Amino acid sequence: MATKATVINVDNYQELIGNGTPAILDFWATWCPHCKRIAPSYDKVAADYEGKLIVGKVDTDEDPAIAQKYDIEYLPTFVLIDGEGNVVDKVVAPANKAAIDEFIHNGLGL
Numbered sequence: 000m001a002t003k004a005t006v007i008n009v010d011n012y013q014e015l016i017g018n019g020t021p022a023i024l025d026f027w028a029t030w031c032p033h034c035k036r037i038a039p040s041y042d043k044v045a046a047d048y049e050g051k052l053i054v055g056k057v058d059t060d061e062d063p064a065i066a067q068k069y070d071i072e073y074l075p076t077f078v079l080i081d082g083e084g085n086v087v088d089k090v091v092a093p094a095n096k097a098a099i100d101e102f103i104h105n106g107l108g109l
């Protein structure tokens, strides 16, 4: 089975974010067409960075408090977080997997 992005919610957020491993979070919603378009590429990112980066997805309708914490205004928004839980960078609606890879490399050096 292929690796997919981890669902991040209020139940596992504290356990996964800021635990020493950097993370990228995709803030999305089921009604967002751009979110649906980038989802397969994001799952490939999860497979490529397995063990090096937490690749998570936050449904903004299900967990609005997490979206508010990061001042999410547009979907999809991707947020890079260092191992200490600090925001490194944000990007709105990357075009494809290559753009996500570049965002990760520029922000975290991975």
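For the sequence shown, numbering that gives the first Met the number 0 assigns the number 109 to the last residue and increments by one with no breaks.
Just so it is clear, CB atoms sit at the ideal spot from N, CA and C, and this is done for glycine as well.
As the structure is a computational prediction, the values presented were derived from the model and not from experiment.
Asked	Found
With 16 other CB atoms within 10 Å as the buried threshold, where does Pro-21 fall?	buried
What number of angstroms, rounded off, separates the C-alpha of Gly-108 from the C-alpha of Leu-52?	11 Å
Do you know whose CA, among Ala-64, Val-91 and Ala-98, lies nearest Asp-10's CA?	Ala-64
What three-state label does DSSP hand Leu-107 in the structure shown?	helix
With distance defined between alpha-carbon atoms, name the residue in Glu-49, Cys-31 and Ala-38 nearest to Glu-72.	Cys-31
Who are Val-78's beta bridge partners in DSSP?	Leu-24 and Lys-89
Taking the C-alpha atoms as reference points, what is the distance between Tyr-69 and Asp-25?	11 Å
Can you tell me which of the three DSSP states Val-65 falls into?	The residue you asked about is not Val; residue 65 is Ile in the sequence shown. Of the three classes helix, strand and coil, the one that applies to Ile-65 here is helix, per DSSP.
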